[in-house]
Each structure stands twice: as structure tokens, then as C-alpha cells.
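Here the structure comes first, spelled out in C-alpha cells, and everything after it is commentary.
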Amino acid sequence: MDHPRWIWQQPDWPHFRWQSERLSPLLRDCVLAQGRLLGMSSYAGAELTAQSELDSLLQNIVTSSAIEGEQLNVGSVRSSLARRLGLVETDGNRVSKRSEGLAELMLDATQHFAEPLDLTRLFRWHEWLFPAQEEDFNARHIRVGALRGNEPMQVVSGRLDRPIVHFETPAREGMEQQLDVFLDWFESSRADTQLDPLLRAGIAHFWFVTLHPFDDGNGRLTRALTDLALAQGEHQAIRFYVMSASILDDRTGYYRVLETSQKATLDLTEWLEWFLQTLLKSLQQAMARIGRVLGKARFWQQHREQPLSSEQVKVLNRLLDGGENGFEESISAAQYQAVAKVSKATATRHLADLLDKGCLVRLPGAGRSTRYQVNYSDSTGA
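Counting in this note's numbering, the sequence shown tops out at residue 1184, every number present.
Here it is in C-alpha cells:
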């Protein structure tokens, strides 16, 4: 046989190996971050926990589809998730077959983590991913709830007359046997005390996406399967971190390391390093997000008796939210004026009042460069 071009052509496929000494520091950091995140979530009330879980599940679904270039109706997906989580009454007109299927898939993968993964369950996931009566799917002739056809499947780019082949999937013939091997390993490895659960999730992700058993949706099913593996490792259904969002942030790196690893030997160290680094980033982002939620709740508990105007409350909430929903760290008088929609004189008076009440602190600077920051000195427990 010629020198193997793809990893699945290696004679000892799929007996993966890795360099534990290179992965140990990252594994340790991920485990510590998991523990800190779970500890932080335990301090949140049931309402905050449920809302954080909804936000995480929603972000996971939306970003997993965005990795494939699909933009979802966020409101529809949120309604489908919220109804299943029993959080709010939703407008049924906003819910589509697509959002219903995606919600079913995500919740089945995370909340039913104790159930075995078999081919029937995978087919059900695929049917949820591509619901019936969706014209776009039908037009592409996707085999829904069934393995892909016999046509060769390649990932290519470049000109039609000079295509660059990034990856070629294993042949359709024998795919049932390949999946049987994978599914047997996925179940038996849950009890393998010698295999770290985070490495197990990374291996499962790489193995399944390399098999590419369906016409379409392999990437999204791979990431759902990864969420299942992570939930099994943590022995809990509630999800606070979003792996897909971190993959989307480095989508180019994701495809690059996949391509490199799929053309290499069965040593998955490079892939597992990238996977653990990305997981760690997801955990750190979740800690920052929950930290903001807890800080906001403590802030308003401390200032619950303060007489504040609606404009002051609006600006404070924007500062407390931070990130995409607010201001990163501080606000100027001009920004206050724009957000609160008040005059310059009123903005100056409101800011002075917030300083007197201990809601804000003034940062170093003078004149137009003066900026104001939330006073966390008591509300964070610091």
C-alpha cells in the first residue's frame, strides 16, 4: 500500500495515542477552571442559574450553526429552549420546526447524558437537525436520519479546475462497522479510569468528525456529541460554558488543526492541545460571565434602598452587564448623556449623585477625559 494520505488509512486506525506530559498542564488548568466554575454557579440563585443555562444553551446552538455559515433566528431558538426549560411562556408563532429540532437535539445531548449513545439516537439527532418539510434541505437531497450515500466526499477549496483537497472521508462501504467501533468505544470509555474525561471528549470529537458519516450536519452533530461527552464527564446536565462559541472565535485555527491532524499519524497531541486550550477559554469566559451576574446581583442588593432615576438605573445596568451588552469598564459624561438621552447638565448632575451614593467612583483624569466606574468595593464581597 502507498504511504497513507489520510489518518483513517493508517494500518492501526483508530488506535490513537498522545503525549501525556505535554497535555498534563493544560488538563490541570481545565480541571481547576471546571471546579471554580461549578463553585461560582453554586452561589447563584435558582433563577440566575436557570437564566445562565438558557443563555449558554442558546449561544451553543447559534454559534455551532454559525461555524457552518448558517445564521439562525435567535428569537425562535430562544423560545423553543425556554419552553422546554419551563422558564417563560412563549409565542408559538415565533417557533419554527428548525428551532424546535435544534432545541430537542441540544437538550437531549446535555440533559440525557446518562443514556447510551447508539446509532438510533444518532439518527434521531440527525432528524432533529434537518426537520421534515424544510424546502432548503429537500432541495439539497440530504438523506435525513440515514448514513451518507456512496459518492466520495471531500472538503475542497480553490478553483474548479484546480481544487485543493483538504480532507477526504473514509469510504461509505464499511461505515456501519466503523460507527459500531466508535459507539462501542464511546460507551466503554465512560468507565475507563485511565482516560481523562476531557481527553475522551476531545478524542470523540476528532474521531466522529473524521468519520463524517452523514451527507450534512456532521460538524454540528460532532459538537453535540462533544457536549454529551463533557456532560458525562461532569455528571451533570446544567451547562454554563459554550465550547462552540470558542471554536467559532478561532474557526480558522479549528479547521487548520483538523486538517493537519487528519493528514498525520495517530498521535493526536496537537489536536488535543488545541481542544484543551479552547475548552479552557470557554471555561474562563463562563466564569467571567457568571462573575458579572453575581456582581450585578450583589450591587443591586446593596443599593436596593437608594432612590435612583430610571436613567441612572439604565446606565448602571449597562455598566454592570459589560461586554457586548454594555460598557467594558467605564463611562464618560458624554456617553452617559447619549445612553440616558438627557442634557449635558442633567448628565453631570446624575453622575455627581451616583458618586455621592457610592454607586460610581471617578477614575483619574479631568475635564472631558474624566470617566466613571461601578463601585464594586462592597458589592463583590472583595
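Beta carbons are placed, not taken as given, at the ideal position from N, Cα and C, and that holds for glycine.
Asked	Found
Whole-angstrom distance between residue 842 and residue 1086, CA atom to CA atom	12 angstroms
Residue 1100 versus 821, 811, 845 and 814, residue with shortest Cα-Cα distance	845
Among 1051, 1041, 1134 and 967, the one whose alpha carbon lies nearest that of residue 852	1041
Exposure label - residue 962; buried when at least 16 CB within 10 Å	exposed
Assigned secondary structure, residue 803 (DSSP; H/G/I helix, E/B strand, else coil)	Here residue 803 scores only 47 on pLDDT, less than 50, and its place in the model is too uncertain to base an answer on.
Among 1052, 1177 and 1035, nearest to residue 1105 - alpha-carbon criterion	1177
Spatial distance of residue 1050 from residue 1007 (CA atoms)	15 angstroms
Proximity winner among 1144, 1121 and 835, relative to residue 1163 (alpha-carbon distances)	1121
Local Cβ density within 10 Å of residue 911, reported as buried at 16 or more and exposed below that	buried
Nearest residue (CA-CA) to residue 899, options 1003, 930, 922 and 1048	930
DSSP beta-bridge partners of residue 1069	819
Contiguous alpha helix (DSSP H) assignments of at least 4 residues, all confined to the stretch 896-928	899-913
Straight-line Cα distance separating residue 918 from residue 1071	27 angstroms
Closest Cα partner of residue 826 within the set 1154, 1078, 1132 and 1116	1078
Beta-ladder partner(s) of residue 965, from DSSP	960
Cβ contact check for the stretch 951-958 and the stretch 966-983: 3 or more pairs under 8 angstroms	yes
Residue 979: first and last residue of the uninterrupted alpha helix (DSSP H) it sits in	977-990
Cβ-Cβ distance between residue 947 and residue 928 below 8 angstroms	yes
For residue 1164, the three-state DSSP class (helix, strand or coil)	strand
Reference residue 836, options 1046, 1036 and 987, closest by Cα	1036
Inter-residue spacing [alpha-carbon to alpha-carbon] between residue 866 and residue 1044	10 angstroms
Inter-stretch contact at 8 angstroms, needing at least 3 Cβ pairs: the stretch 804-821 / the stretch 988-996	no
Spatial neighbours of residue 1134 in its chain, beta-carbon cut-off 6 angstroms, leaving aside the 5 residues before and after	1173
Residue from 1058, 1175, 860 and 1020 whose Cα sits closest to the Cα of residue 902	860
Any alpha helix (DSSP H) of 4 or more consecutive residues that is wholly inside the stretch 1109-1150	1112-1123 and 1135-1142
6 angstroms CB neighbourhood of residue 882 in its chain, flanking five on each side removed	897, 901, 902 and 905
Through-space distance from residue 1055 to residue 1118, alpha-carbon basis	37 angstroms
CB-CB length for residue 1000 against residue 829, believed under 8 angstroms	6 angstroms
N-terminal and C-terminal residue of the beta strand (DSSP E) that residue 1173 is part of	1173-1176
Selected residue, minimal CA-CA separation from residue 993, among 1150, 1113 and 1034	1034
Nearest residue (CA-CA) to residue 1061, options 959, 832 and 1167	959
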